[in-house]
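Peer 1: Sharing a structure below in C-alpha coordinates format, with a few things to ask.
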Amino acid sequence: MSKKLIALCACPMGLAHTFMAAQALEEAAVEAGYEVKIE
(Lines of atoms letter the chains of each structure in order from A and count residues from 1; the text may use other names and numbers.)
(Lines give C-alpha, C1' and ligand atoms only; values in the text may rest on other atoms or scores of the structure.)
Protein backbone atom coordinates (compact mmCIF):
# COMPACT_ATOMS: atom_id res chain seq x y z
CA MET A 1 0.00 0.00 0.00
CA SER A 2 1.40 3.40 -0.96
CA LYS A 3 1.55 6.46 1.26
CA LYS A 4 -0.85 9.20 0.23
CA LEU A 5 -1.01 12.89 1.07
CA ILE A 6 -3.75 15.42 0.39
CA ALA A 7 -2.97 19.10 0.95
CA LEU A 8 -4.63 22.47 0.58
CA CYS A 9 -2.43 25.52 0.10
CA ALA A 10 -3.54 29.11 0.55
CA CYS A 11 -1.51 32.21 1.31
CA PRO A 12 -2.95 35.58 2.38
CA MET A 13 0.08 37.33 0.82
CA GLY A 14 -0.88 36.47 -2.73
CA LEU A 15 -1.55 33.87 -5.36
CA ALA A 16 2.10 33.44 -6.42
CA HIS A 17 3.13 32.35 -2.91
CA THR A 18 0.36 29.75 -2.92
CA PHE A 19 1.70 28.14 -6.09
CA MET A 20 5.31 28.25 -4.84
CA ALA A 21 4.30 26.56 -1.57
CA ALA A 22 2.27 23.92 -3.41
CA GLN A 23 5.17 23.15 -5.74
CA ALA A 24 7.67 22.83 -2.89
CA LEU A 25 5.30 20.61 -0.91
CA GLU A 26 4.67 18.39 -3.93
CA GLU A 27 8.38 17.99 -4.67
CA ALA A 28 9.16 17.08 -1.04
CA ALA A 29 6.27 14.61 -0.83
CA VAL A 30 7.24 12.84 -4.06
CA GLU A 31 10.86 12.66 -2.90
CA ALA A 32 9.67 11.07 0.36
CA GLY A 33 7.67 8.45 -1.56
CA TYR A 34 4.14 9.81 -1.23
CA GLU A 35 1.38 10.00 -3.81
CA VAL A 36 0.25 13.60 -3.49
CA LYS A 37 -2.75 15.72 -4.48
CA ILE A 38 -2.53 19.44 -3.77
CA GLU A 39 -5.23 22.03 -4.36
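Numbering (my numbering) for the sequence shown: 2 to 40.
Virtual Cβ for every residue (Gly too), placed ideally from N, Cα, C.
1. Under 8 Å: does the beta carbon of alanine 17 sit that close to some heavy atom of the ligand HEM?
2. Whole angstroms is fine: what's the gap from leucine 26's alpha carbon to glutamate 40's?
3. Just reading off the beta strand (DSSP E) that glutamate 36 is part of, what are its end residues?
4. Do valine 37 and alanine 8 count as a contact pair if the criterion is CB distance below 9 Å?
Peer 2: Working from what's here:
1. The ligand HEM is not part of the structure shown, which contains no ligands of any sort.
2. 11 Å
3. 35-39
4. Going by C-beta atoms, alanine 8 is nearer than 9 Å to valine 37.
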